[in-house]
Amino acid sequence: MVANVGGIDRGLRIVLGIGLLSMLVFVEGPSKFWGLIGIVPLATAAMRFCPLYSILGIRTCPATR
């Protein structure tokens, strides 16, 4: 897997992932489990690879040589 998630994109994914996961703590009722979606942006930020970006041909990180 070649990295296709850049620095700013990675930071935004981390913030979004933590924000979504916080729904598990702060939201009442069954809708709180939508916060589990936060795992996806955190995982793609950690791996620096987004499968959807690969399919669409998007690359937000600088080219590696």
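The sequence shown begins at 978 in my numbering and counts up by one. Just so you know, even glycine gets a beta-carbon here, dropped at the ideal spot from N, CA and C.
Alpha-carbon spacing of residue i relative to residue j, whole angstroms
i	j	result
Phe-1010	Ile-1016	11 Å
Leu-1033	Met-1000	30 Å
Ala-1020	Leu-1013	12 Å
Leu-993	Ala-1022	10 Å
Gly-1006	Leu-997	15 Å
Pro-1028	Gly-983	14 Å
Pro-1018	Phe-1026	10 Å
Met-978	Tyr-1030	12 Å
Where the alpha helix (DSSP H) containing residue i begins and where it ends
i	result
Ile-985	984 to 998
DSSP state of residue i mapped onto helix, strand, coil
i	result
Pro-1028	helix
Val-979	coil
Pro-1018	helix
Ala-1023	helix
Does the stretch 1024 to 1039 come into contact with the stretch 980 to 987, if we say contact requires no fewer than three beta-carbon pairs (one atom in each stretch) closer than 8 Å? Enough Cβ pairs lie closer than 8 Å, so yes.
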